[in-house]
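Here the working numbering runs 6 ahead of the position in the sequence shown, where the first position is 1.
Where a beta carbon is used, it is the ideal one built from N, C-alpha and C, also for glycine.
As structure tokens, the structure follows; a few thoughts come after it.
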Amino acid sequence: MLSERICFDFQPSRSKNFEAYTGCSAEKFLQRHRQKQSKRVEGHFVIQGNIKALNIMPFQEYPKICPICKQGKKFKFIRDFEKKQDKFSLYQCSECQVQFWLPLEIPKLSWYEEKAFRIKNAIKPKIYAGYHKKFLKTHKSFPKGTRVLDLGCAAGEFIAELKKRGCEVWGVDFDKENIRIAKEYFGLERVFALSFEDFFKKTDLPKFDIISCLAVIGYLDDPLEFIQNVKNLLKPNGTVVLNAPCRERMLVNLNHWDFPPHYFTRWNEQAVSNIFKKKGFSISRVDYVEQFKTFSEAMTSKFRTGLVGKSLTVSKNKPKSLFFLRTVYFLGCFKNYLIGTVPAAFLWVLGKILRRNNGTILVELKESKL
Ligand SMILES: [Zn+2]
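Structural data, given as structure tokens:
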């Protein structure tokens, strides 16, 4: 059956072709034909109605082989996405179950640097993320000398807390400004402003008890290679911790960061399990965190002004006072609170009733014993 979800997937640029074919807009067509039988054959939507056939191809062709697991050859087309001149298609591999956007071209580092990922750090570095909080709540204490590596450590707020709890902490982040804060604000020593690629090339690295890669896996173009590199640095019986937005959540397509050029892959528990299994890991713990926050962000996604980001960008060249930054930031928070909170609270309750895996999936993995 043709679902309403597909209605959403018709892209404006192809509406013209659509109208030429059908003589009416995509919306009207779907309204008329929602009840009619339809089926999808290898990327064509063939709708059986009072017109003979209507083929709509995804923006990007079906891949020959899965770019994630390197084995899968069968794919399910999920949806298209268009941003300015760029056209993307989302597919799901039937082998590893990972969903990935094509073309799988990860933006250059400069793109991330331009984005104001460090706004919160500029104001006051502290633990904001629900997945950090959850991990720290689950693991209150660690055996003496537990060695932790945080890949993508940002300003180091997470490992600074682990250090307080007696761990030997290491951190890697490509952003020099983040690493400067980690050193100066938190007094961390083993923190490196490097890409993961360059960090993994270092020959003087010890082995770690815990390797965390939080808010990382969705940005990688080759997760399998990354997992192998992580495995090489992990002690026997060590733990890997990672998270990703759960694609099984309600209103999955409302969060702007779940589209390229932000996240390039979409995950659920099965997909994480499948891809790590290929490198000999199995899941030892799963939590769903940031459920409310994810809904709240979905609600406010449509009303983003980018003012906070802009004020920080301007302040790079022409320093603005911290007072100004704080005011813009907190006004932004207040606006989000007004728009996001009430609908998010409703969805959160609904999600609990329906037992949906909403929010972010936080996973711990260990190497499977042979
Ligand atoms: Zn695959």
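{"Item": "Interface flag, Asp293 vs chain D, CB-CB below 9 Å", "Value": "This model lacks chain D altogether, as it is built from one protein chain only."}
{"Item": "Contact test: Val104 Cβ vs ligand 1 heavy atom, cutoff 8 Å", "Value": "yes"}
{"Item": "Those residues which DSSP pairs with Asp156 across a bridge", "Value": "Gly177 and Ser218"}
{"Item": "Which of helix, strand or coil DSSP assigns to Phe87", "Value": "strand"}
{"Item": "Same chain only: Cβ atoms within 8 Å of Asn363, ignoring 5 sequence neighbours per side", "Value": "Cys252, Glu254, Arg255, Asn274, Glu275 and Tyr294"}
{"Item": "Distance, Cys102 Cα to Ala277 Cα", "Value": "6 Å"}
{"Item": "Among Cys219, Asn238 and Pro109, nearest to Ile87 - alpha-carbon criterion", "Value": "The question names Ile, but residue 87 in the sequence shown is Phe. Among Cys219, Asn238 and Pro109, the Cα nearest to that of Phe87 belongs to Pro109."}
{"Item": "Distance, Val197 Cα to Pro69 Cα", "Value": "38 Å"}
{"Item": "One or two residues paired with Val397 in a DSSP bridge", "Value": "Nothing in the structure corresponds to residue 397, since the chain is present only between 7 and 376."}
{"Item": "Supposed close pair Leu239, Leu155 - CB separation, criterion 8 Å", "Value": "7 Å"}
{"Item": "Closest Cα partner of Thr366 within the set Glu163, Glu303, Phe83 and Lys182", "Value": "Glu303"}
{"Item": "Cβ-Cβ separation, Arg186 to Cys173 (assumed contact under 8 Å), whole Å", "Value": "Not confirmed; about 22 Å, so no contact."}
{"Item": "Identity of the residue in Leu371, Phe81, Tyr269 and Cys75 nearest Pro64 by Cα", "Value": "Phe81"}
{"Item": "Residues that DSSP places opposite Thr271 in a beta bridge", "Value": "Phe106"}
{"Item": "8 Å contact criterion, which Phe94 and Ile74 should meet: CB distance rounded", "Value": "With a Cβ gap of about 15 Å, Phe94 and Ile74 do not count as contacting."}
{"Item": "Counted within 10 angstroms of its Cβ, other Cβ atoms place Gly357 as buried (16 or more) or exposed", "Value": "buried"}
{"Item": "Proximity winner among His268, Gly158, Lys146 and Asp215, relative to Glu111 (alpha-carbon distances)", "Value": "His268"}
{"Item": "Boundaries (first-last residue) of the alpha helix (DSSP H) holding Val334", "Value": "Leu328 to Leu360"}
{"Item": "Phe232 and Ile223 closer than 9 Å at C-beta", "Value": "yes"}
{"Item": "Nearest neighbour of Gly346, chosen from Phe298, Lys285, Ser374 and Tyr225 [CA to CA]", "Value": "Phe298"}
{"Item": "Leu248 versus Asp227, Ile289, Leu211 and Lys241, residue with shortest Cα-Cα distance", "Value": "Ile289"}
{"Item": "Given His262 as reference, the closest of Met305, Ser279 and Val236 once Cα atoms are compared", "Value": "Met305"}
{"Item": "For Phe81, the residue or residues it bridges with in DSSP", "Value": "Cys99"}
{"Item": "Beta-carbon spacing of Leu157, Val178 below 9 Å", "Value": "yes"}
{"Item": "Any non-hydrogen atom of ligand 2 closer than 8 Å to Ile74 Cβ", "Value": "This structure simply doesn't include ligand 2; it includes ligand 1 instead."}
{"Item": "Near ligand 1: Cys99 beta-carbon under 8 Å from a heavy atom", "Value": "yes"}
{"Item": "Cβ distance (whole Å) where Ala160 is taken to contact Lys182 below 8 Å", "Value": "With a Cβ gap of about 12 Å, Ala160 and Lys182 do not count as contacting."}
{"Item": "Proximity test, Gly78 beta-carbon vs ligand 1 heavy atom, cut-off 8 Å", "Value": "yes"}
{"Item": "Integer Cβ distance of Ile133 from Glu167, believed to fall under 8 Å", "Value": "6 Å"}
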